[in-house]
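The block underneath contains the structure these notes are about, expressed in structure tokens.
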Amino acid sequence: MTATHEVTNQVPLPYGHDTAADPTLLAALDRAGAGWAEPELRELGRLAGSEQAADWGRLANENPPVLRTHDRFGHRIDEVEFHPYWHELMRTAVSYGLHAAPWRDERPGAHSARAAKFYVWGQVEAGHTCPISMTYAAVPALRHNPSLAAELEPLLAATEYDYGLREPRTKRGLIAGMSMTEKQGGSDVRTNTTTAAPHADGTYRLTGHKWFTSAPMSDLFLTLAQAPGGLSCFVLPRVLPDGSRNRLHLMRLKDKLGNKSNASAELEYDGAVGWLVGDEGRGVPTIIEMVNMTRLDCTIGAASGMRYGTTRAVHHALHRRAFGRTLVDQPLMRNVLADLVVESEAATVVAMRLAQSTDLALAGDETEALVRRLGLAVAKYWVCKRGPAHSAEALECLGGNGYVEESGMPRLYREAPLVSIWEGSGNVAALDALRAMAKRPETVDAFLGELDAAAGADRRLDAAVAELRKQLSDLTDLEYRTRRLVESMALAFQGSLLVRYGDPAVADAFCATRLGGDHGAAFGTLPPGVDTAAIIDRARPVPA
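Just so it is clear: in the sequence shown, position 37 is 19 by this note's numbering, and no numbers are missing.
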């Protein structure tokens, strides 16, 4: 067949880069006292930037999991089959300690180190980070039952991925899930109708239907059910101590908007055996720490997605030519790319600050615990809200090439809304910030103290914080305007961190646009005078 033309002006494949070569991330890791983790982080970053890892993520999504409710003889088996590369993704995440390993690591900054790895490896494929995140978040809730925690926590924290349905105590490592929402309530878990009946041996029998259970092939689940004393928290293994299957039946897999690699299911408890975690009637307070940990991961996940989209957009612009110049040399494209970098770095710096706050709070710092309590709700609301718009703009930088599945950008775009929904959609996160301030007013003082650490460094930040203080003191129609208030808090939080720790060009652009109002409604509307060259250079992919 005669060639009709020679292919030119196509961008080289975006592989062979060190995903961890991220100046904002590495600086935050060092501030958290976790510089010891950098060699392993860079090793993971090189793997994350490889074509091999990209193939794992692509094929795990092109070959989604399949539910097998029964075997060929009609016996109930409730199995989900995954592509082999799903297991490679999981094995890598577990071996690098992205799951519960920090809970058994006494080194300073262990949770910050884990957050940095989660951020880097999440850029390969987001779906498998769901069970990784839930395993991480399960430990503090499980500790409300010390005897169970003593048995299960070492296995949850083990760095061996041991897939397959077997009795948990016989495995080399465990993965945990969470199953709370029901069809009639959603985020309003207090309306759950699943019941838990006490049994003579100290266990409970749970009966009910859970509407959304992600990673249903996990080894055990934390769940909520109505016990005689009220809504309570329970742990349910897939396989019971005698080796028999627990009566957790998978009804169907969800056909989701985002990733296709991870299975999400409707799960029915048909007299399933569970163990009480915490006291009866204290289900929500018991499981809330699990929720807070997954909210941290939602924020990290949103920042991870923004970084992925930004570096892909910059890579494309560095190589693609139009109208006689590379795209990166076109002034308007430079405006767009720099704006994407600013948003990405603002997300990264606040996510890593909250990871550091987690380390400090767990070490007993009460002020950090207050900053974390309010900061998590604020950042979860705002950073996760910014993800979909950011991914859409990053995709558009690739033009039609970004619209096709082979680029990886459509998967990023479809996945972006998830973290704003998971563990409380926008209204729930915003109202949780309001609840935290009302229940513990000292959280406001701690949060403002965090912002005041940057006082005097930038007049636009100072003005934004002064305006925020006015908003916080005005109780008129407070619930109605909660979103605006929480947005202002998040922007001031990000601005204060960038002014203190960020690149000067990025901090200046952020304060001018997000705080000073010199910005349009779309990305790519930075004002004149911004050092776009210095900003874009921070997102150039670094060869491995």
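No residue lacks a Cβ here, since even glycine has one placed at the ideal position from N, Cα and C.
It should be emphasised that the depicted structure is a prediction, and the values quoted were computed from it without experimental measurement.
| query | result |
| --- | --- |
| Give the list of continuous alpha helix (DSSP H) stretches no shorter than 4 residues that lie fully inside the segment 8 to 78. | 20 to 30, 33 to 44, 66 to 77 |
| Could you give the residue range of the alpha helix (DSSP H) that holds L130? | 128 to 139 |
| Alpha carbon to alpha carbon, how far is E142 from H81? | 11 Å |
| So is Y533 buried or exposed if we call it buried at 16+ other beta carbons inside 10 Å? | The first residue shown for the chain is -17 and the last is 526, placing residue 533 beyond what the model contains. |
| Select from P219, A9, G263, A299 the residue whose C-alpha is nearest the C-alpha of N174. | G263 |
| Give the straight-line distance between the Cα atoms of T152 and L137, rounded to the nearest whole angstrom. | 10 Å |
| Would you decide whether R335 is buried or exposed? Buried here means 16 or more other CB atoms lie within 10 Å of its CB. | buried |
| Between R451, E461, P423, D456, which lies nearest to L413 when the distance is taken from Cα to Cα? | E461 |
| Does the distance from the CB of L546 to the CB of A120 come in under 7 Å? | There is simply no residue 546 to check, as the chain begins at -17 and stops at 526 in what is shown. |
| Using C-beta distances below 7 Å, list every residue in its chain close to G167, excluding the 5 sequence neighbours before and after it, in chain order. | T173, N174 |
| For S407, which residues from the same chain have a beta carbon less than 8 Å from its beta carbon, with the 5 sequence-adjacent residues on both sides left out? | S169 |
| If V273 and L213 are in contact, beta carbons under 8 Å, what's the gap, nearest whole angstrom? | Incorrect: roughly 14 Å between the Cβ atoms, too far for contact. |
| Taking DSSP's pairing of strands, which residues face A209 in a bridge? | G212 |
| Who does H231 pair with in a DSSP beta bridge? | E250 |
| What are the boundary residues of the beta strand (DSSP E) that includes R187? | 186 to 196 |
| Can you tell me whether DSSP reads P90 as helix, strand or coil? | coil |
| Compute the Euclidean distance between the alpha carbons of R441 and R89, then round it to the nearest angstrom. | 38 Å |
| Under three-state DSSP, which class holds W404? | coil |
| Using the DSSP secondary-structure output, state which residues sit across from T308 in a beta bridge. | R303 |
| Could you check what DSSP says for P370 in three-state terms: helix, strand or coil? | helix |
| In angstroms, rounded to a whole number, what distance separates the CA positions of S286 and T458? | 37 Å |
| Going by alpha carbons, who is nearest to E20 out of A516, E432, G91? | G91 |
| Identify whether M160 lies in helix, strand or coil by the three-state DSSP scheme. | strand |
| Could you tell me whether the segment 439 to 453 touches the segment 373 to 388, using the rule of 3 or more Cβ pairs below 8 Å? | no |
| Please name the residue, chosen from V324, A295, D252, A178, that lies closest to G381 on a Cα-to-Cα basis. | A295 |
| Which partner residues does G384 have in the DSSP bridge list? | Its beta-bridge partners do not exist; DSSP assigns none. |
| From D341 to R354, what does the alpha carbon distance come to, in whole angstroms? | 10 Å |
| Out of S326, S246, G39, G256, state which residue places its alpha-carbon closest to the alpha-carbon of I517. | S326 |
| Counting pairs of Cβ atoms below 8 Å between the segment 216 to 226 and the segment 197 to 208, do you hit three or more? | yes |
| Could you tell me the distance, in whole angstroms, from the CA atom of S339 to the CA atom of E405? | 20 Å |
| For W364 and V468, which I take to be in contact (beta-carbon distance under 8 Å), what is that distance rounded to the nearest angstrom? | 7 Å |
| State the DSSP-derived secondary structure class of P525, mapped to helix, strand or coil. | strand |
| Whole angstroms are fine: how far does the CA of L230 sit from the CA of V221? | 9 Å |
| Expressed to the nearest angstrom, what Euclidean distance is found between the alpha-carbon atoms of T330 and D224? | 46 Å |
| Go to A439, then tell me how far its alpha helix (DSSP H) extends in each direction, as first and last residue. | Premise fails: A439 is in no alpha helix (DSSP H) and is neither H nor E. |
| Within 10 angstroms of the Cβ of E528, are there 16 or more other Cβ atoms? Answer buried if so, exposed if not. | Coverage of the chain is limited to positions -17 through 526, which leaves residue 528 absent and any answer about it impossible. |
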